[in-house]
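2 protein chains.
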Amino acid sequence: MATDEERELLAERFVTGNLYKLKRLTTMVQPEELAELINENKDIDYKKVFQVLDADMAIHTFENLDFDIQVELLRSFSIEQLTSTLNQISPDDRTALFEKLPEETLPRYLSLLSDEERKTAKELLQYPEDSIGRLMTPDFISVKEDWTVEHVLQYIRTYGKNSETLNLIYVTDTNGYLIDDIRVRQFLLSPLDKKVSDLMDHQFVSLNAKDDQEKAIDLFKQSDRVALPVTDFNGLLLGIITFDDVMDVMEEEDTEDIQKFGGTEALDEPYLKVSFREMISKRAGWLVVLFLGEMLTASAMGFFNDELNKAVILALFVPLIISSGGNSGSQAATLIIRAMALGEVTLENWWRVMRREFLSGLVLGGILAIIGFLRIAAWTFFTDIYGVHWFLIALTVSFTLVGVVMFGTLCGSMLPLILKKFGVDPAVSSAPFIATLVDVTGLIIYFSIAFLLLKGTLL
Amino acid sequence: MATDEERELLAERFVTGNLYKLKRLTTMVQPEELAELINENKDIDYKKVFQVLDADMAIHTFENLDFDIQVELLRSFSIEQLTSTLNQISPDDRTALFEKLPEETLPRYLSLLSDEERKTAKELLQYPEDSIGRLMTPDFISVKEDWTVEHVLQYIRTYGKNSETLNLIYVTDTNGYLIDDIRVRQFLLSPLDKKVSDLMDHQFVSLNAKDDQEKAIDLFKQSDRVALPVTDFNGLLLGIITFDDVMDVMEEEDTEDIQKFGGTEALDEPYLKVSFREMISKRAGWLVVLFLGEMLTASAMGFFNDELNKAVILALFVPLIISSGGNSGSQAATLIIRAMALGEVTLENWWRVMRREFLSGLVLGGILAIIGFLRIAAWTFFTDIYGVHWFLIALTVSFTLVGVVMFGTLCGSMLPLILKKFGVDPAVSSAPFIATLVDVTGLIIYFSIAFLLLKGTLL
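The listed protein sequences derive, respectively, from chains A and B. Just so we're aligned, residue 1 is where the first sequence starts under our numbering, counting upward by one. Just so we're aligned, residue 1001 is where the second sequence starts under our numbering, counting upward by one.
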């Protein structure tokens, strides 16, 4: 593979090349590389490139393109190109593409498929979105128990061309029910006269076509295989899914989690490609909800209006205090949400988590309290901004910091667990969400402590 | 694979079983499954389990265990078990394990290896941490150009047993320099008398052993292969890395990004396993830095002390305003950081991003401004908390919201790009970091607008 500079140079040549030069260039790269080049360089005239590709190269390049480019290309293809592309790309990639097309155009595209491919396509589209069925391809190799290794290898040589993977060979009974999966490795390492049944251990992992895609991610991590079989509820082998599709899903899920955590709905499309209108709508929702929640801070402060009027000095520390609560809460929430996503923390661990975060809050709050106290003391030494009651003010701020940070870590750590308990995605308890929650409570803690400590002096 | 309940039941039986029962249980599962069971159930006495495993099963189970359990097991092993385990686990897993061991114990473990394995182990440990060399295994199949397919298959059958993958076969010249990689698929699908050279396309992707592991992630995504060859600077084939190792790295990187983004240093260990002391130290650092930054808000508010004394009412909206800036900044930062991690946004796009975020800030700020205005108007209708100058106050808050949200989105989106430009990890510009930055500026915007609009009335 080329270095970054070489890739840039190559892209440059693709941009400037005429048809003849393009033809020569495309023979120098693999379809995956070509797709990557097109995906990353908006200046390449991909429609022109596709005019010079031979059929096989065109299909494999097409499979690896971004969806928006695929859709554009479909529009530009001749009916002949369209027919051959749709019939030949692998069924799982086709399902993914169909998902992105406007629904009303789907019948037209389906009508271009051969009877057999149309049947497959329709079957795959029946599975719910985000289900494993949507990632599945029905192109796999299945063999029978009583075949020899030689027979299997011969069978692969004859019928294996369309199989999405040859890394795993599936053993089915005469009715098509899955009874084992065997790595091709074993066939390669065994004597030719061995029977399939000799290689079987009757231990296999499989997914249900209706399962959620997240389940596939977990199983891939556990099982150390590059493809997994998919069955129906009865164990009938329907298809397989391969790790590269799951890697994409994994990345998408992480992106969703991260975006939700940043306090926005998941964009579902690359940042620069999503329309401005859609981006605003996905961001405005949460921002408004948080704003409405945060309005309670104005109410809370209005409630303490009298105290504020008597001691305006208290207002100076409001941002410092509420942000400390928000920051500690955001830390705790991040750690717990990620740990839950990785399966390191489950609902059953709530008590351990709570104890840990209570102690963390105490220690972290204590550290901030000491710094805060020293800062007020130091300023008093140089200025008289805090007046004669500086000690009581410093004490109020310090106690508040311990309370607010503890409340922040507890909220941040427990809320994701509580949401999960009620079937809500824990990532919803985003940093801004926690911050808003802690802001309101933080103010109440602050003014209550102030009331207790400053009664009779400042208040 | 078992369902969740079945797995729980199985774990239960592992916990309660005697040696005889354990022996029977372990024959019912795959090594990866057994490892998963042990990793997830702290109650299983894994030392007892390892007493009943046969050699092969023990090695493969061991390879899939969490590091802390591996280390514990090593301590409990007899010298004989220790020797066989260390010599037989695959070199990449061994390197990863050695990384986790206390450095002073390393020579002892190395001394138990055979001469050949020790040489390999030492070579792998020489590569820098986080380099591809550390993930590499030297167990692969390499063949020569002039061999036939039949010869290759025969060679695999004889020498392939230790190869980490048989999915890709590497072609080297007589000096061991990599000249091509061929999927085993092609050998399986080609006539037996074809030559290796007939299958070659001289197009391969390879990694340099000293490259950063992130490079491997990118290349795996692009190249659609389950293993990649690793060479030195001259192209000499040193080993291969497989996708499962890279999946782990990918997950770790995402975890680090997410944790940094939540305003804490990366924990590097699962939440429940990291020591309390270490967790506090990783969280306290950032929290204190943010606290010190946030202290500027107290200074800023102190600076506007006179205005505050004249119009305490202004203090009521401080939390609302600064949090709106923080939230919009956190949204923008999340979107940009993730888009950069996925390669959707690069430094060259800064102008497009800035234009987009400027407009977003304007629209989002406008929405919040309208809501804020309406809220103050509505409250005025029912109470007289905002006094006769409610309209001017509402105007001040609304203008401030537009300014602060715009400033937030610009900071949030530009800071990650600026950090990247200077070679700093963009994820450092975390939600809390942006919030703190925006808080201080937000106050200045607020009081400046108040000064302009309320001069002569409230101020």
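Each residue gets a CB set at the ideal place from its N, CA and C atoms; glycine is no exception.
- For A:Gly263 against A:Pro432, the beta-carbon gap comes to about 4 Å, under 8 Å, which counts as contact.
- At least 8 Å separates the beta-carbon of B:Thr1172 from that of B:Thr1242.
- Per DSSP, the unbroken alpha helix (DSSP H) holding A:Leu415 starts and ends at Trp390 to Lys421.
- A distance of 8 Å or more separates the beta carbons of A:Ile444 and A:Tyr386.
- Contact annotation for B:Leu1374 against chain A: no contact, minimum CB-CB distance about 11 Å [criterion: below 7 Å].
- A:Arg183 sits in a strand when the DSSP states are folded into three classes.
- Annotation: the continuous beta strand (DSSP E) that includes A:Ile241 extends over Leu237 to Thr242.
- When B:Leu1362, B:Val1404 and B:Leu1417 are compared, the shortest CA-CA separation from B:Ala1333 is found for B:Leu1417.
- In this structure the segment 71–86 of chain A does not touch the segment 232–246 of chain A; the number of beta carbon pairs closer than 8 Å is below three.
- With 16 or more other CB atoms across the displayed protein chains lying within 10 angstroms of its CB, A:Ser328 is buried.
- In the DSSP annotation of this structure, the continuous segment of the alpha helix (DSSP H) that includes A:Ala431 starts and ends at Ala431 to Leu454.
- Near chain B, meaning a CB-to-CB distance below 8 Å, the residues of the segment 431–443 of chain A are Ala431, Pro432, Ala435, Thr436, Asp439 and Leu443.
- Annotation: B:Tyr1020 is outside any beta strand (DSSP E); the continuous alpha helix (DSSP H) that includes it extends over Leu1019 to Thr1026.
- Excluding sequence positions up to five before and after B:Glu1150, its CB lies within less than 8 Å of the CB of Leu1192 and Asp1193, all in the same chain and listed in chain order.
- The straight-line gap separating the alpha-carbon atoms of A:His389 and A:Thr297 is approximately 26 Å.
- The shortest C-alpha to C-alpha distance from A:Leu458 to any of A:Val440, A:Ala394 and A:Gly408 is the one to A:Ala394.
- In chain order, Pro270, Tyr271 and Leu272 make up the part of chain A whose C-beta sits under 9 Å from the C-beta of B:Val1345.
- Closest in alpha carbon position to A:Asn39, among B:Ser1413, B:Leu1342, B:Thr1441 and B:Leu1362, is B:Leu1342.
- Closest in C-alpha terms to B:Leu1362, from the list B:Pro1319, B:Phe1399, B:Leu1219 and B:Thr1137, comes B:Phe1399.
- Between the alpha carbons of B:Asp1244 and A:Val353 lies a gap of roughly 30 Å.
- For the 8 Å CB-CB criterion, A:Ile169 and A:Val205 do not form a contact.
- In this model, B:Ala1300 and B:Val1440 are separated by some 7 Å (Cα to Cα).
- Taking CB atoms only, B:Glu1278 has no neighbour in chain A less than 8 Å away.
- Distances from the CA of A:Ser448 to each of A:Glu307, A:Leu316, A:Ile367 and A:Glu6 were compared; the closest alpha carbon is that of A:Glu307.
- Look at B:Val1288: its C-beta is under 8 Å from a C-beta on chain A.
- Shortest Cα-Cα distance from A:Ser78 to any of A:Glu214, A:Lys47 and A:Leu415 involves A:Lys47.
- Along the segment 206–230 of chain A, going in chain order, the ones with a CB nearer than 8 Å to a CB of chain B are Ser206, Leu219, Phe220, Lys221, Gln222, Ser223, Asp224 and Val226.
- Chain A has a Cβ within less than 8 Å of the Cβ of B:Leu1316.
- In this structure A:Thr396 is in contact with A:Leu453, their Cβ atoms being roughly 5 Å apart against a cut-off of 8 Å.
- Judged by DSSP secondary structure, B:Tyr1159 falls within the alpha helix (DSSP H) whose first and last residues are Val1149 to Tyr1159.
- When secondary structure is reduced to three states using DSSP, B:Tyr1109 falls in the helix class.
- Secondary structure note for A:Thr85: its alpha helix (DSSP H) is the uninterrupted segment Ile79 to Gln88.
- DSSP assignment within the segment 1188–1214 of chain B yields the following whole alpha helix (DSSP H) runs of 4 residues or more, N-terminal first: 1196–1199.
- In this chain, the alpha helix (DSSP H) harbouring A:Pro31 covers Pro31 to Glu40.
- For A:Val312, the closest Cβ of chain B is nearer than 8 Å.
- Any Cβ of chain A closer than 8 Å to the Cβ of B:Gln1030 would place that residue at the interface, and such an atom is present.
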